[in-house]
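Participant: Add 75 to the 1-based position in the sequence shown for the numbering used here, that's all there is to it. Where is the CB? At the ideal position from N, CA and C, for every residue including glycine. Predicted, not measured: the structure shown is a model, and the values here were computed from it.
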Amino acid sequence: MLLMRPHNQEPRTQMTDWLAPQTLQTAHGLPAFVYTDPDIAARERSMFRRTWQLVARSDQLAQPGDHVVEDIAGLPVLIARAPDGTLLGFHNVCRHRGGPLAIACGAGLKQLRCHYHGWTYDWDGVLRSGPELDALVDFDRAQVRLPAIAVVQWQGLVFASIEPEALFDALVDGIDARVASALHEVRFQRRVSYVAQCNWKAYIDNYLEGYHVPHIHPALNRLLDYRAYRTECLAGYALQSSPLDASESFYGLGEALYYQLWPNTMLNILPGRLQTNRVVPLGVDRCRIDFDYYYAPDVARDAAKIAADQDLAEVTQREDIDICERVQRAFASGSYNTGRVHPTREQGVHWFQERYRRALA
Ligand code: FES
Ligand SMILES: [Fe+2]
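1. By the DSSP assignment, the beta strand (DSSP E) with Tyr269 in it spans what residues?
2. DSSP on Arg430, reduced to helix/strand/coil?
3. Does the beta-carbon distance from Ala277 to Cys180 come in below 8 Å?
4. Return the chain-ordered ranges of every alpha helix (DSSP H) run that is complete within the segment 203 to 267 and spans a minimum of 4 residues.
5. Hey, which residues come within less than 5 Å of ligand 1, measuring from Cβ to any heavy atom, in chain order?
6. Just checking, does the segment 157 to 170 make contact with the segment 390 to 406 on the three C-beta pairs under 8 Å criterion?
7. Can you find the residues in the same chain that come closer than 7 Å, C-beta to C-beta, to Tyr286, ignoring five residues on each side of it along the sequence?
8. Going by other Cβ atoms of all chains shown within 10 Å of its Cβ, with 16 needed for buried, is Tyr431 buried or exposed?
9. Nearest to Gly231 by alpha carbon, out of Tyr333, Ile250, Val261, Gly249?
10. Taking contact to mean at least 3 C-beta pairs separated by less than 8 Å, is the segment 316 to 323 in contact with the segment 298 to 305?
11. Any residue with its C-beta under 7 Å from a non-hydrogen atom of ligand 2 counts. Can you list them all in chain order?
12. According to the Cβ coordinates, are Val233 and Ala131 closer than 8 Å?
13. Checking 8 Å against the spacing of the C-beta atoms, do Met122 and Ala388 come in under that value?
14. Can you tell me which residues form a DSSP beta bridge with Gly164?
15. I think Val201 touches Ala217, with their Cβ atoms under 8 Å apart; what is that distance to the nearest whole Å?
16. Taking C-alpha atoms, which residue in Asp377, Pro338, Leu208, Leu349 lies nearest to Ser256?
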């Protein structure tokens, strides 16, 4: 019997060490199983816990008692503004039997009291009191403590990390110098969330290259100058940028800046507008993408401009989700293993995949 190898499948030898670093000029992409294997998704959870995650906006946490509940790679977390004004983060998991300290985002949190049986913790995370706790023998409250997590505010955004492997500053090094004034003046307008039936990395790979823009995004392509499209890869992020086509741009003159912060946060900056994206894995073949829109004061007063901005983003996002879902089905089909990364149009993909290989190695 003749053993057939599927078309376009690279020799198996390419696959023996997919975690080994690859040089840009000869790189192959991550193999398909990395997008479909539940064991890989489980390994990614510990990777995510070492990264910085965009969990809130500063305006949600402005006043003492303001709080946000979130999830980082399956771990429930609580971010809160303490009475003394400090911003704190904890596992939202009571040390008694795992109950939540807070159930929803909101204001007016007076104390860290568990919803299940009422154990109450001080703002430093140490257990202070609880119903009938004196009945517990050999029980030292001072030893019972909510684990803390790291929290940072930057440019109106709040990031958290469970076990940070790197300083937050390294993640955004150089971004302030380029866009601080633009970020400073924008205010949150609304959130739109999408669910895509693809692995989170398929979505990020797609984000990180403009190679597909002329083929997948006709409307966006008219706005950008594809010939001048550039990608720069730094330690904490990749930046794609393009001048805006003056005859097509309803944003005015300027450039589009697309920052991808390792591993799953995007800052999409156009004149007068910031859009953040957070890509959250929901399973090996599903992810949610949260879009938060922020506008400068003059744009915030211009309903037509906001509608034009969000209509274009919606069309572009539907186009991206459609192609990513098709690619995910192809990865799961057995037809495809890996292919070449384009050295001048897909450097961002290479940057992300190299970081990913290091993180998982
Ligand atoms: S689980 Fe928190 S008090 Fe029981
Ligand atoms: Fe796209």
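Facilitator: With the given structure in hand:
1. 262 to 271
2. helix
3. no
4. 243 to 247, 250 to 260
5. Cys169, His171, Arg172, Gly174, Cys189, Tyr191, His192, Trp194
6. no
7. His417, Arg420, Glu421
8. buried
9. Val261
10. yes
11. Asn281, Tyr282, His287, Val288, Ile291, His292, Thr391, Glu394, Asp395
12. yes
13. no
14. Ile154
15. 6 Å
16. Leu349
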